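K.L.:
Order-wise, the sequence lines are chains C and A.
Numbering-wise, the first sequence is residues 1 to 348 according to the UniProt record's numbering.
Numbering-wise, the second sequence is residues 1 to 348 according to the UniProt record's numbering.
Can you keep this structure in mind? I'll have questions shortly.
2 protein chains.
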Amino acid sequence: MKATFMYGPGDVRVETVPDPVLREPTDAIVRTVLACVCGSDLHPYHSLPPRTSGRPMGHEMIGVVEEVGADVRTLSPGDFVIATFAYQDNTCVFCREGFQTSCVHGGFYGSPDVGGLQAELARIPLADGSLVKVPDADPAALEERTLASLLTLSDVYLTGYHAAHMGRVAPGRTVTVVGDGAVGLSAVLASRQLGAERVILMGRHKDRTDLGVEFGATEVVAERGDDGIARVMELTGGEGSHVVIEAVGLMPALEQSMGIVRPGGIISRVGVPQYDQAPVGRALFYKNATLTGGPAPVRAYIEEALPHVLAGSIDPGRVFDRTLGLDEIARAYAEMDAREALKVLIAP
Amino acid sequence: MKATFMYGPGDVRVETVPDPVLREPTDAIVRTVLACVCGSDLHPYHSLPPRTSGRPMGHEMIGVVEEVGADVRTLSPGDFVIATFAYQDNTCVFCREGFQTSCVHGGFYGSPDVGGLQAELARIPLADGSLVKVPDADPAALEERTLASLLTLSDVYLTGYHAAHMGRVAPGRTVTVVGDGAVGLSAVLASRQLGAERVILMGRHKDRTDLGVEFGATEVVAERGDDGIARVMELTGGEGSHVVIEAVGLMPALEQSMGIVRPGGIISRVGVPQYDQAPVGRALFYKNATLTGGPAPVRAYIEEALPHVLAGSIDPGRVFDRTLGLDEIARAYAEMDAREALKVLIAP
Numbered sequence: 001m002k003a004t005f006m007y008g009p010g011d012v013r014v015e016t017v018p019d020p021v022l023r024e025p026t027d028a029i030v031r032t033v034l035a036c037v038c039g040s041d042l043h044p045y046h047s048l049p050p051r052t053s054g055r056p057m058g059h060e061m062i063g064v065v066e067e068v069g070a071d072v073r074t075l076s077p078g079d080f081v082i083a084t085f086a087y088q089d090n091t092c093v094f095c096r097e098g099f100q101t102s103c104v105h106g107g108f109y110g111s112p113d114v115g116g117l118q119a120e121l122a123r124i125p126l127a128d129g130s131l132v133k134v135p136d137a138d139p140a141a142l143e144e145r146t147l148a149s150l151l152t153l154s155d156v157y158l159t160g161y162h163a164a165h166m167g168r169v170a171p172g173r174t175v176t177v178v179g180d181g182a183v184g185l186s187a188v189l190a191s192r193q194l195g196a197e198r199v200i201l202m203g204r205h206k207d208r209t210d211l212g213v214e215f216g217a218t219e220v221v222a223e224r225g226d227d228g229i230a231r232v233m234e235l236t237g238g239e240g241s242h243v244v245i246e247a248v249g250l251m252p253a254l255e256q257s258m259g260i261v262r263p264g265g266i267i268s269r270v271g272v273p274q275y276d277q278a279p280v281g282r283a284l285f286y287k288n289a290t291l292t293g294g295p296a297p298v299r300a301y302i303e304e305a306l307p308h309v310l311a312g313s314i315d316p317g318r319v320f321d322r323t324l325g326l327d328e329i330a331r332a333y334a335e336m337d338a339r340e341a342l343k344v345l346i347a348p
Numbered sequence: 001m002k003a004t005f006m007y008g009p010g011d012v013r014v015e016t017v018p019d020p021v022l023r024e025p026t027d028a029i030v031r032t033v034l035a036c037v038c039g040s041d042l043h044p045y046h047s048l049p050p051r052t053s054g055r056p057m058g059h060e061m062i063g064v065v066e067e068v069g070a071d072v073r074t075l076s077p078g079d080f081v082i083a084t085f086a087y088q089d090n091t092c093v094f095c096r097e098g099f100q101t102s103c104v105h106g107g108f109y110g111s112p113d114v115g116g117l118q119a120e121l122a123r124i125p126l127a128d129g130s131l132v133k134v135p136d137a138d139p140a141a142l143e144e145r146t147l148a149s150l151l152t153l154s155d156v157y158l159t160g161y162h163a164a165h166m167g168r169v170a171p172g173r174t175v176t177v178v179g180d181g182a183v184g185l186s187a188v189l190a191s192r193q194l195g196a197e198r199v200i201l202m203g204r205h206k207d208r209t210d211l212g213v214e215f216g217a218t219e220v221v222a223e224r225g226d227d228g229i230a231r232v233m234e235l236t237g238g239e240g241s242h243v244v245i246e247a248v249g250l251m252p253a254l255e256q257s258m259g260i261v262r263p264g265g266i267i268s269r270v271g272v273p274q275y276d277q278a279p280v281g282r283a284l285f286y287k288n289a290t291l292t293g294g295p296a297p298v299r300a301y302i303e304e305a306l307p308h309v310l311a312g313s314i315d316p317g318r319v320f321d322r323t324l325g326l327d328e329i330a331r332a333y334a335e336m337d338a339r340e341a342l343k344v345l346i347a348p
């Protein structure tokens, strides 16, 4: 099969490798219908130390089950499934508490042992917990926009949803989303789903913020840094935002979030932090502000979101603005890195 | 009247100054029945740059109203009242949201303009919002233990309560309290009030942790640092604590908290942070842990706690382990600083 590997900064290659095989009785083998490139894939695209064996890439995928191990109970060959971006048993104590990304038996794709999902085929560990069947659906019979939206349940839309959920978005709360990438836009849509009437989107790429407005953003703030803080404070009558969703992961975005969060408010982070130390001592403390968030346990939210996507009442797949073949995936990375593309669908 | 002033590290003096007078029509003048020294008073006791005009000290007090301004509606001379440690109108938008320590018209005691409460008399700004009347009570008719417990509603007990509230302590959650000072012990008591069946208290002063056990701690961990983390992890079956209440304010206590918080858990801080930067980037993020807390809006909790104290069903005043006169307050600071006293009542 063909699969994607990264060898260093900017060096993404598609290679032919042996097809994956069942290793554990809880595994499944899935044939990819659609995969995609994630904003978080761009971090190693900048910083991966050059290496001689490629790192397997990709963690978002919808596909069709080809084969299941002897202990897999809920899936059969032919099932159309969504793979969550991390694998988990969905039965351990942390899974039961709704934090499946901390599953005691789970993990992340992209190790030599567990490959990546930007590939024609994938071995999915703990398949009963890690794959969610799309009921009664045949991918060949679904429109591409529905398929694209189903793929967002693998990561990006439900990462935005997690941000809103951890930020306790609810009717009456003012929400500000920092970042107009695919996760930020997903957070706008999710905040509206959770009842927010007012969603301020901070971003300066007009094509992206335009989609944010279609997703439900009520105001767009293009300014950044102190000017951006001043503008949000002005929009909120000097009070600040109840919820700030930080969908970037860089320190300036966190500082901006700290500047606009209201006393007693919540900063919910879903961009993987590219920092370790943060100035959260007195600055957050004196206004009783909360810092929360982390890798989204999408498994906790997927069943609730699925009917909305199938019914077309939400259309989170609109974050994809182009489609390329697996052979062209290096171009997808380059275009996303250059911000020419928002998020690229990969159709093997 | 006599009042307390700090002139530099270790330099606390009681001086005779003019009696306070009404300045605003919303002020009240209150005669102190009991005041006390706070753990947070010890920070300037170590670090206040020497000065020629003393800084007025104290922010905890129960007393009797002597005089009210023309606009005060809910209080009359003779009322027995509890002063919250910060003053607030209790009507602004942040007060209504339950974060009175961020009141847009409020502030903190101890400025030259607004004196301190370790004094015989005090001017209380925004009296309707800043004083809570103890219904039908005559301080002369109440036992000293009840008076002491009422005084804890000014700050220390409700600061512990705020920590538990922000940490979303509830039945079924494991709570760990880091720090065996008066706030930590109060947090143990409050956690039990909020339904926690299991409360692990981290502290190494046996007389204090003994009181913690009487307040409801189910386990005591005397080890600190990595050994303390290992012990709590062992006690929780390797899972960590749902809620960690950080009642110290120093970096080692935060690091300890980060080591024992469970995936998806909450670290709730109520010790004033003596740091600005903290290592909360990836370390908190990857386990979806939340950092929350701040100065307690005790005004939000006081009415609910008051009947429990008057009925004697909780006895938070047990954190006071000695009583001194106002003239002896320098000794109270010294004894608390030397950890000879846990918390000292001041009876003018």
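Think of the CB as a built atom: it goes at the ideal place given N, C-alpha and C, for glycine as much as any other residue.
Remember, it's a predicted structure, so these values are computed and weren't measured experimentally.
1. Output the boundary residues of the alpha helix (DSSP H) element that contains Arg331 (chain A).
2. Let me check understanding here. Comparing Cα to Cα, which of C:Val114, C:Pro9, C:Ala182 and C:Leu34 lies closest to Arg339 (chain C)?
3. Check for me: the beta strand (DSSP E) holding Ala278 (chain A) runs from which residue to which?
4. Following the continuous alpha helix (DSSP H) through Ala3 (chain A), name the residue where it begins and the one where it ends.
5. Check whether the region 117-125 of chain A and the region 92-99 of chain A touch, using three or more Cβ-Cβ pairs below 8 angstroms as the test.
6. Could you check where the alpha helix (DSSP H) with Thr152 (chain C) kicks off and where it finishes?
7. Reducing DSSP to helix, strand and coil, say where Met57 (chain C) ends up.
8. If you count every other CB in all the chains shown that lies within 10 Å of the CB of Pro9 (chain C), and 16 or more means buried, which is it?
9. With Gly225 (chain A) and Gly212 (chain A) assumed to form a contact (beta carbons below 8 angstroms), what rounded beta-carbon distance in angstroms separates them?
10. Please specify which runs of the alpha helix (DSSP H), each continuous and at least 4 residues long, are wholly inside the region 188-225 of chain A, giving them in chain order.
11. From which residue to which residue does the alpha helix (DSSP H) around Phe94 (chain A) run?
12. Using a Cβ-Cβ cutoff of 9 angstroms, what residues of the region 75-88 of chain C are near chain A? List them in chain order.
13. By a C-beta neighbour count over all protein chains shown, 10 Å radius and 16 as the cutoff for buried, is Ser53 (chain A) buried or exposed?
14. Which residues, taken in chain order from the region 234-247 of chain C, show a beta carbon closer than 8 angstroms to some beta carbon of chain A?
15. Hey, out of C:Pro279, C:Thr4 and C:Gln100, whose CA is closest to Pro112 (chain C)'s CA?
16. On a CA-only basis, which of A:Glu234, A:Ile329 and A:Leu75 is nearest Ile124 (chain A)? Give me that one, please.
17. Is the beta carbon of Leu342 (chain A) closer than 8 angstroms to that of Thr290 (chain C)?
18. Output the distance between the C-alpha atoms of Arg192 (chain C) and Arg55 (chain C), rounded to the nearest integer angstrom.
19. Looking at the unbroken alpha helix (DSSP H) that takes in Pro307 (chain C), where does it start and where does it end?
20. Relative to the C-alpha of Ile266 (chain C), which candidate in C:Met336, C:Ser102, C:Val280 and C:Leu189 has its C-alpha closest?
21. Does the beta-carbon of Arg269 (chain C) have 16 or more other beta-carbons within 10 angstroms, so that it is buried, or is it exposed?
22. Could you round the C-beta distance between residue 350 (chain A) and Val65 (chain A) to whole angstroms and report it? I think they count as a contact, below 8 angstroms.
23. Chain A partners of Ser102 (chain C), CB-CB under 9 angstroms?
24. Is it buried or exposed, Ser47 (chain A), if we count other Cβ atoms within 10 angstroms and call 16 or more buried?
25. I need the DSSP call for Ile245 (chain C), collapsed to helix, strand or coil.
26. Compare the C-beta of Glu197 (chain C) against all C-beta atoms of chain A and say whether one is closer than 8 angstroms.
27. Anything in chain C within Cβ reach of Gln277 (chain A), meaning under 9 angstroms, just list it in chain order.
28. Can you list, in chain order, the residues of its chain with a C-beta nearer than 6 angstroms to that of Gly195 (chain C)? Leave out the 5 residues immediately preceding and following it.
29. If you pair each beta-carbon of the region 137-154 of chain C with each one of the region 33-47 of chain C, do three or more pairs fall below 8 angstroms?
30. Is it true that the CB of Gly216 (chain C) sits closer than 8 angstroms to the CB of Val199 (chain C)?
31. For Lys2 (chain C), which residues of its own chain have a beta-carbon under 6 angstroms away from its beta-carbon, when the five flanking residues on both sides are left out?
32. On the three-pair Cβ rule with 8 angstroms, is the region 297-316 of chain A touching the region 171-180 of chain A?
33. State the CB to CB distance for the pair Glu60 (chain C) and Phe80 (chain C), rounded to an integer number of angstroms; the pair is presumed to be in contact (CB under 8 angstroms).
34. Can you name, in chain order, every residue of its own chain whose Cβ lies under 8 angstroms from the Cβ of Arg23 (chain A), other than the five neighbours on each side?
35. Name, in chain order, the residues that DSSP records as bridge partners for Lys133 (chain A).
36. Let's test the definition: count the other Cβ atoms within 10 Å of the Cβ of Ala140 (chain C) and tell me whether it reaches 16, buried, or not, exposed.
P.N.:
Let me spell this out:
1. Element bounds for Arg331 (chain A): Ile329 to Asp337.
2. Arg339 (chain C) has its Cα closest to that of C:Ala182, out of C:Val114, C:Pro9, C:Ala182 and C:Leu34.
3. Annotation for Ala278 (chain A): no beta strand (DSSP E) segment contains it, and DSSP assigns it neither H nor E.
4. From DSSP, Ala3 (chain A) is part of no alpha helix (DSSP H) but of the beta strand (DSSP E) over Lys2 to Gly8.
5. In short, these stretches do not touch, since the Cβ pair count stays below three.
6. From DSSP, the alpha helix (DSSP H) with Thr152 (chain C) extends over Glu144 to Thr152.
7. Correct three-state label for Met57 (chain C): coil.
8. Pro9 (chain C) comes out exposed.
9. Beta-carbon to beta-carbon, Gly225 (chain A) and Gly212 (chain A) are separated by about 20 angstroms, too far to satisfy the 8 angstroms threshold.
10. Listed in chain order, they are 206-215.
11. DSSP places Phe94 (chain A) in the uninterrupted alpha helix (DSSP H) bounded by Val93 to Arg96.
12. Going along the region 75-88 of chain C in chain order, one finds no residue with a Cβ nearer than 9 angstroms to chain A.
13. Within a 10 Å sphere around the beta-carbon of Ser53 (chain A) sit fewer than 16 other beta-carbons, which makes this residue exposed.
14. Only Glu239 from the region 234-247 of chain C bring a Cβ to less than 8 angstroms from some Cβ of chain A.
15. The shortest C-alpha separation from Pro112 (chain C) is found at C:Thr4.
16. For Ile124 (chain A), the nearest C-alpha among the options comes from A:Leu75.
17. No, the Cβ-Cβ distance between Thr290 (chain C) and Leu342 (chain A) is not below 8 angstroms.
18. Distance between the alpha carbons of Arg192 (chain C) and Arg55 (chain C): 37 angstroms.
19. Here the alpha helix (DSSP H) through Pro307 (chain C) covers Ile302 to Ala311.
20. Measuring from the Cα of Ile266 (chain C), the nearest candidate turns out to be C:Val280.
21. So Arg269 (chain C) counts as buried.
22. Past the edges of chain A, shown from 1 to 348, lies residue 350 (chain A), and the structure says nothing about it.
23. Going along chain A in sequence order, the residues near Ser102 (chain C) (Cβ under 9 angstroms) are Arg262, Pro263, Gly264, Tyr286, Lys287 and Asn288.
24. Exposed.
25. For Ile245 (chain C), the three-state secondary structure derived from DSSP is strand.
26. Not an interface residue.
27. Simply Gln277, Ala278, Pro279, Val280 and Gly281.
28. Excluding residues within five positions, the ones whose Cβ falls inside 6 angstroms are Ala170 and Pro171.
29. They touch, by the three-pair rule.
30. Yes, Cβ-Cβ distance for Val199 (chain C) and Gly216 (chain C) is below 8 angstroms.
31. So the list reads Val14, Thr16, Glu120 and Leu326, once near-sequence residues are dropped.
32. No, because fewer than three Cβ pairs between the region 297-316 of chain A and the region 171-180 of chain A fall closer than 8 angstroms, the two stretches do not touch.
33. Contact flag wrong, Cβ pair sits at about 15 angstroms.
34. These residues qualify, in order along the chain: Arg123.
35. Lys133 (chain A) is bridged to A:Val81.
36. Exposed, by the Cβ-count rule.
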